[in-house]
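Peer 1: If you read the sequence shown in the numbering used here, its first letter stands for residue 52, the second for the next number, and so on. Shown below is the structure under consideration.
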Amino acid sequence: MTELENRVALVTGAAAGMGEATAHALARAGATVVVSDVQEQAGEAVVAAIREAGGKASFFRADVSREEDVAALVTTTVERHGSLDCAVNNAAVRPDTRPLVDLDIDAFDRVIAVDLRGVALCLKYELRQMQAQERGSIVNIGSVSSQRPRPSNPGYVAAKHGVVGLTKVAAIEHGKDGIRINAVLPGGVDTPMIREARAASGIVPSDEFALSLFGRLGTPDEIAEASLWLCSDRSSYVTGHSLAVDAGYLAR
Ligand SMILES: NC(=O)c1ccc[n+]([C@@H]2O[C@H](COP(=O)([O-])OP(=O)(O)OC[C@H]3O[C@@H](n4cnc5c(N)ncnc54)[C@H](O)[C@@H]3O)[C@@H](O)[C@H]2O)c1
């Protein structure tokens, strides 16, 4: 599959989980992928694995909550590889765990800083570059929590609702520029994040399995497929959309 041949993609939070799977999927489709994360060693390992499989990739360390990091990520991507055609804004931290009456404002601020401010900053610099190129496709990773809140994750739910809001604003502002911006809303997916969240909240696997109509968690590859489609020209008439990949969780 070479539908992203000669395209340059960046993926944030690509050292693990869905970001890692997405970086691999975009590289398999022919894109040159900038793997970005705060975890350098793990990020470099993803680059090595992509290259070993015959793909093209490089690593850039960026904390998406820091504007100077995000600006440097986009500048470096273009300096190294010549353009920025696709971006998957995936980086996030695991949800806060207390109800509003016990609000842990530090945990709230941390989740908002990475999961919402991080997406806004990435959009700012990615859109500037794509505007100059007059083309591009961006995927923001939301969550089923973007549409259906669960209790005791106030920061995460607010941030993920915000991700859908930012996606719509970006789509409205840049339809005329040939830039498409969409969101993917994963259900429960088997990644380090859900394993850590499970350990922190005490939610047992049977509760999570009950969330989907398939009785199982999704795989990172199943989410990566949706982002790949939205990055590619096969979704050329789709923008401002939120695509749930959740085994029917939001259908109930
Ligand atoms: N796992 C799930 O069940 C699930 C469900 C719905 C939505 N999501 C969303 O999917 C996306 C990927 O989640 P995952 O489960 O693969 O997570 P993960 O924790 O497995 O991986 C997230 C990656 O983001 C990186 N990261 C964290 N803070 C960062 C920062 N400030 N700057 C740059 N990178 C940073 C981490 O180092 C890690 O490599 C997230 O947006 C998450 O909210 C996950």
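Built from N, CA and C at the ideal position, the CB exists for glycine as well. It should be emphasised that the depicted structure is a prediction, and the values quoted were computed from it without experimental measurement.
From the DSSP output, read off the bridge partner residues of Asn233.
Peer 2: For the purposes of this step, residue 233 is taken as the residue at position 182 of the sequence shown. Paired residue(s): Val190.
Peer 1: Please report the straight-line C-alpha distance between Leu301 and Gln198, rounded to a whole angstrom.
Peer 2: In the sequence shown, counting from the first residue as 1, residue 301 sits at position 250. In the sequence shown, counting from the first residue as 1, residue 198 sits at position 147. Their Cα atoms are separated by approximately 8 angstroms.
Peer 1: Apply the 10 Å Cβ neighbour rule to Asp153 and answer buried if 16 or more other Cβ atoms are within range, or exposed otherwise.
Peer 2: For the purposes of this step, residue 153 is identified with residue 102 of the sequence shown, where counting begins at 1. Its Cβ having fewer than 16 others within 10 Å, Asp153 is exposed.
Peer 1: Excluding the 5 residues preceding and the 5 following Leu174 in the sequence, name in chain order all residues of the same chain whose CB lies nearer than 8 angstroms to its CB.
Peer 2: Your numbering for residue 174 matches position 123 in the sequence shown. Around Leu174: Asn140, Ile189, Asn191, Leu217, Ala221, Ile232.
Peer 1: Where does Arg179 sit, in a helix, a strand or coil, going by DSSP?
Peer 2: For the purposes of this step, residue 179 is identified with residue 128 of the sequence shown, where counting begins at 1. Note: Arg179 maps to helix in three-state DSSP.
Peer 1: Going by the C-beta, is Thr242 closer than 7 angstroms to any heavy atom of ligand 1?
Peer 2: The count along the sequence shown starts at 1 and reaches residue 242 at position 191. The answer is yes for Thr242.
Peer 1: Could you name the residues that DSSP lists as bridge partners for Leu61?
Peer 2: To locate residue 61, count along the sequence shown from 1; it is residue 10. According to DSSP, which records beta bridges pairwise, Leu61 is partnered with Val85, Ala138.
Peer 1: Should Thr218 be listed as close to ligand 1, given that the test is whether its C-beta is under 7 angstroms from any heavy atom?
Peer 2: Within the sequence shown, the letter at position 167 stands for residue 218. No, ligand 1 has no heavy atom inside 7 angstroms of this Cβ.
Peer 1: Taking Gly238 as the reference, give the member of Asp258, Pro202, Asp272, Ser196 with the closest Cα.
Peer 2: Here the question's residue 238 lines up with position 187 in the sequence shown. Out of Asp258, Pro202, Asp272, Ser196, Ser196 has the C-alpha closest to the C-alpha of Gly238.
Peer 1: What does DSSP give as the partner residue(s) for Lys107 in the beta ladder?
Peer 2: Looking up residue 107 in the sequence shown gives position 56. According to DSSP, which records beta bridges pairwise, Lys107 is partnered with Thr83.
Peer 1: State the start and end residues of the unbroken alpha helix (DSSP H) segment that holds Val214.
Peer 2: The sequence position of residue 214 within the sequence shown is 163, counting from 1. From DSSP, the alpha helix (DSSP H) with Val214 extends over 205-225.
Peer 1: Who are the near neighbours of Asp59 in its chain, counting only those whose CB is closer than 6 angstroms to its CB and skipping five residues on each side?
Peer 2: One-based indexing of the sequence shown puts residue 59 at position 8. The question names Asp, yet the displayed sequence has Val at residue 59. The residues are Thr83, His132, Ser134, Leu135, Asp136.
Peer 1: Using only the heavy atoms of ligand 1, determine whether one of them is closer than 7 angstroms to the beta carbon of Gln90.
Peer 2: Along the sequence shown, read from residue 1 onward, the residue named residue 90 stands at position 39. Yes, ligand 1 has a heavy atom inside 7 angstroms of this Cβ.
Peer 1: Please name the residue in Pro146, Ala108, Leu151, Gln92 whose C-alpha comes closest to that of Ile163.
Peer 2: Translated into positions along the sequence shown, residue 163 becomes position 112. Residue Pro146 is the option with its Cα nearest to Ile163.
Peer 1: Whole-angstrom Cβ separation of Ala142 and Thr63, contact assumed at under 8 angstroms?
Peer 2: In the sequence shown, counting from the first residue as 1, residue 142 sits at position 91. In the sequence shown, counting from the first residue as 1, residue 63 sits at position 12. Yes, they are in contact, since the Cβ atoms of Ala142 and Thr63 sit about 4 angstroms apart, within 8 angstroms.
Peer 1: Apply the 10 Å Cβ neighbour rule to Val165 and answer buried if 16 or more other Cβ atoms are within range, or exposed otherwise.
Peer 2: One-based indexing of the sequence shown puts residue 165 at position 114. Classification of Val165: buried, given that the 10 Å Cβ count is 16 or more.
Peer 1: Since I believe Val240 is in contact with Thr270 (beta carbons under 8 angstroms), could you give me their beta-carbon distance rounded to a whole number of angstroms?
Peer 2: Along the sequence shown, read from residue 1 onward, the residue named residue 270 stands at position 219. Along the sequence shown, read from residue 1 onward, the residue named residue 240 stands at position 189. Yes, they are in contact, since the Cβ atoms of Thr270 and Val240 sit about 7 angstroms apart, within 8 angstroms.
Peer 1: Looking at the strands, I want to know which residues DSSP matches up with Val240.
Peer 2: For the purposes of this step, residue 240 is taken as the residue at position 189 of the sequence shown. In the DSSP output, where bridge partners are listed per residue, Val240 has Gly269.
Peer 1: For Leu294, list the residues DSSP reports as bridge partners.
Peer 2: In the sequence shown, residue 294 corresponds to position 243, counting from 1. Looking at the DSSP assignment, Leu294 forms a beta bridge with Val235.
Peer 1: Would you check whether ligand 1 has a heavy atom nearer than 7 angstroms to the C-beta of Ile189?
Peer 2: The residue you call residue 189 lines up with position 138 of the sequence shown. Outside the cutoff, so no.
Peer 1: Whole angstroms are fine: how far does the CA of Glu185 sit from the CA of Tyr207?
Peer 2: Start at 1 with the first residue of the sequence shown, and residue 207 comes out as number 156. Start at 1 with the first residue of the sequence shown, and residue 185 comes out as number 134. Rounded to the nearest angstrom, the two C-alpha atoms are 33 angstroms apart.
Peer 1: Mind reading off the beta-carbon distance from Leu172 to Glu118? Whole number of angstroms is fine, and I expect it under 8 angstroms.
Peer 2: Residue numbering aside, residue 172 sits at position 121 when the sequence shown is read from its first letter. Residue numbering aside, residue 118 sits at position 67 when the sequence shown is read from its first letter. Leu172 to Glu118, Cβ: 5 angstroms. Contact.
Peer 1: For Arg112, which residues does DSSP report across the bridge?
Peer 2: What you label residue 112 is simply residue 61 of the sequence shown in a count that begins at 1. Note: Arg112 sits in a beta bridge opposite Asp88.
Peer 1: Can you determine whether any heavy atom of ligand 1 sits closer than 7 angstroms to the C-beta of Ser134, and answer yes or no?
Peer 2: The residue given as residue 134 occupies position 83 in the sequence shown. Ser134: no, Cβ never under 7 angstroms from ligand 1.
Peer 1: Inspect the beta-carbon positions of Ala93 and Ala72 and report whether they are closer than 8 angstroms.
Peer 2: Counting from 1 along the sequence shown, the entry for residue 93 is found at position 42. Counting from 1 along the sequence shown, the entry for residue 72 is found at position 21. No. Outside cutoff.
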